[in-house]
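Throughout the sequence shown, residue numbering follows mature numbering (1 follows the signal peptide of the UniProt record, and there is no 0), covering -15 to -1, 1 to 101 in sequence.
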Amino acid sequence: MKLIVLFCLFMFAYAQDKYDGVDIDISEVLSNERLLLAYSKCLINKGPCTPEIKRVKDKIPEILETNCAKCTDRQKYLGKSLVKQVREKHPNIWTDMVSYYDPQGKYQKEFQEFLN
């Protein structure tokens, strides 16, 4: 019984060290220009936010500072896919995001390593 309690406590502590999942269909966002634009405007304080995107937005500074240390493997994979698609197909949105979240370029090297 003690082992089960310890295991449950460990799993609870581990779960607290990772970000909660956000229910966003990345492929839907990338295939819907209007939705992508709305979400990107939210992220740079130029438009309203849905609760899900607001949760993501609130974590972006910490994600950049820690190089996504609290991200699950799935979140890292989805984040990399999303960034690569946006940089390639929507460079203006990418430029706006970088200008907003990293105007001095202090995260560029680590972020590029993360993407590779």
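Ideal Cβ placement from N, Cα and C applies to all residues, glycine included. Predicted model, so just to flag it, every value in this text is computed and none were measured.
* **Tyr92 - DSSP class collapsed to helix/strand/coil** => For the purposes of this step, residue 92 is identified with residue 107 of the sequence shown, where counting begins at 1. DSSP places Tyr92 in coil when its eight states are reduced to three.
What is the rounded straight-line gap between the Cα of Pro36 and the Cα of Asn17? Reading the sequence shown from its first residue, position 51 is the one you call residue 36. Reading the sequence shown from its first residue, position 32 is the one you call residue 17. Take the alpha-carbon of Pro36 and the one of Asn17: they are about 19 Å apart.
Grouping DSSP H, G and I as helix and E and B as strand, with all else coil, what is Ala23?
Taking the first residue of the sequence shown as position 1, residue 23 is located at position 38. Helix at Ala23.
Have a look at Tyr86 and Lys94 and give me their C-alpha separation to the nearest angstrom.
Looking up residue 86 in the sequence shown gives position 101. Looking up residue 94 in the sequence shown gives position 109. A straight line joining the alpha-carbon of Tyr86 with that of Lys94 spans about 14 Å.
request  = Keeping to the same chain, check which residues put their C-beta closer than 8 Å to that of Ile45; ignore five residues upstream and five downstream.
outcome  = Residue 45 sits at position 60 when you count from the first residue of the sequence shown. Setting aside the 5 residues that flank it on each side, Ile45 is surrounded in the same chain by Leu28 and Tyr86, each with a C-beta closer than 8 Å to its C-beta; the list follows chain order.
With distances taken between CB atoms, is the gap from Met82 to Ser12 smaller than 8 Å?
By 1-based counting over the sequence shown, the position of residue 82 is 97. By 1-based counting over the sequence shown, the position of residue 12 is 27. Their beta carbons are not under 8 Å apart, which means Met82 does not touch Ser12 by this criterion.
- Query: Between Leu100 and Lys65, which are expected to be in contact by the criterion C-beta below 8 Å, what is the C-beta distance as a whole number of angstroms?
  - Reply: Position 115 of the sequence shown, counting from 1, holds the residue named residue 100. Position 80 of the sequence shown, counting from 1, holds the residue named residue 65. About 6 Å separates the two Cβ atoms, so the contact holds.
Exercise for the section: Going by CA-CA distance only, name the one from Val41, Leu20 and Ile48 that's closest to Phe96. Expected result: By one-based count along the sequence shown, residue 96 stands at place 111. Ranking the options by Cα distance to Phe96, first place goes to Ile48.
- Message: Can you find the residues in the same chain that come closer than 8 Å, C-beta to C-beta, to Phe(-9), ignoring five residues on each side of it along the sequence?
- Response: Here residue -9 corresponds to residue number 7 of the sequence shown, with the count starting at 1. Low confidence applies here, because Phe(-9) scores a pLDDT of 36, under 50, leaving its location unreliable; read the following figure in that light. Closer than 8 Å at the Cβ level, and outside the excluded window around Phe(-9), lies no residue.
Open item on the list: Could you tell me the alpha carbon to alpha carbon distance between Lys61 and Ile78, rounded to whole angstroms?
Closed with: The residue given as residue 61 occupies position 76 in the sequence shown. The residue given as residue 78 occupies position 93 in the sequence shown. Answer to the nearest angstrom: the Cα atoms are 20 Å apart.
Original post:
Going straight from the alpha carbon of Tyr22 to that of Asp43, what length do you get?
Top reply: Here residue 22 corresponds to residue number 37 of the sequence shown, with the count starting at 1. Here residue 43 corresponds to residue number 58 of the sequence shown, with the count starting at 1. Rather than Tyr, the amino acid found at residue 22 in this sequence is Leu. Roughly 18 Å separates the two Cα atoms.
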